[in-house]
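Comments concern the structure below.
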Amino acid sequence: MEHEQKEQLHRALVILKTWAAQLCKEAGKDKAYLEELWRGLCESEGMLREFAYYHDTRGFLCEKKVAGYTIADIMIWQVDHFKAYLDRGEDCLRYDSARLLLAAFDVMLKMEQDPQPYVEKLHQESGTDR
């Protein structure tokens with residue numbers, strides 16, 4: 000039974016890493032970015048589960064919190080910035096859902112290491128809805 004569970008886990012990890020590689024390709028990110036992201040997801044308590052949940056459902060689990068923020072909070076903050084760029088006529092992340100998603104996970108992983116700079120940005124920066 001334990002061997003079967005290990006096999007299932009291995010298959011799931013291969014599927015998730017393959018999907019992460021596809022997202023990186025779509026977002027124009029290189030292999031070094033993929034490897035750093037993947038290492039962070041695997042080393043972070045809860046982030047790999049968030050990533051897997053998004054893969055499976057295309058929704059956010061939001062169990063993992065860093066400084067009180069979830070992955071959905073980060074995504075909303077990014078979309079707010081995205082709308083501000085659109086208002087200015089800049090493309091930035093226009094139609095780039097892979098890049099937006101990767102950036103949200105990247106920010107959460109970086110917040111785990113040092114949340115303060117990101118918390119300040121989340122409080123100070125907003126797009127157009129203020």
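For the sequence shown, position 23 matches number 22 in numbering that gives the first Met the number 0, and the numbering has no gaps at all.
Think of the CB as a built atom: it goes at the ideal place given N, C-alpha and C, for glycine as much as any other residue.
Worksheet item: If we count the other Cβ atoms within 10 Å of its Cβ and call it buried at 16 or more, is residue 57 buried or exposed?
Response: Residue 57 should be labelled exposed.
Discussion item. Rounding to the nearest angstrom, what Cα-Cα distance links residue 10 and residue 4 in this structure?
Written reply: Those two C-alpha atoms are separated by around 10 Å.
Discussion item. Please report the straight-line C-alpha distance between residue 62 and residue 108, rounded to a whole angstrom.
Written reply: Distance between the alpha carbons of residue 62 and residue 108 is about 14 Å.
Worksheet item: Going by alpha carbons, who is nearest to residue 37 out of 115, 20, 122?
Response: It is 20 whose Cα lies nearest to the Cα of residue 37.
Practice prompt. Using only alpha-carbon positions, find the residue among 117, 123, 22, 7 that is nearest to residue 54.
Written response: When each option's Cα is compared against that of residue 54, the closest is 22.
Fill in: Neighbourhood of residue 66 by C-beta distance below 7 Å, restricted to the same chain and skipping five residues each side
Closer than 7 Å at Cβ, skipping near neighbours: 110, 114, 118.
Item to complete: May I have a chain-ordered list of the beta strand (DSSP E) segments no shorter than 3 residues that lie completely inside the segment 18-88?
Response: Runs found: none.
Worksheet entry | Neighbour-count burial assignment, residue 73, 16 or more Cβ in a 10 Å radius | Using a 10 angstroms sphere on the CB of residue 73, the tally of other CB atoms reaches 16 or more, which defines it as buried.
Discussion item. Please tell me whether residue 62 has its Cβ less than 8 Å away from any Cβ of chain D.
Written reply: Of the chains in the structure shown, none is chain D; there is only one protein chain.
Discussion item. Would residue 15 and residue 50 be called neighbours here (beta carbons separated by less than 8 Å)?
Written reply: The answer is yes: Cβ separation under 8 Å.
Worksheet item: Assuming residue 121 contacts residue 68 under a Cβ cut-off of 8 Å, what Cβ separation, rounded to an integer in Å, is found between them?
Response: Between residue 121 and residue 68, the beta carbon gap of about 7 Å places them in contact (Cβ cut-off 8 Å).
Discussion item. Which residue marks the beginning of the alpha helix (DSSP H) containing residue 107, and which one marks its end?
Written reply: Run containing residue 107: 96-112, per the alpha helix (DSSP H) assignment.
Practice prompt. Would you kindly work out how many angstroms separate the C-alpha atoms of residue 104 and residue 2, rounded to a whole number?
Written response: The straight-line gap from Cα to Cα measures roughly 31 Å.
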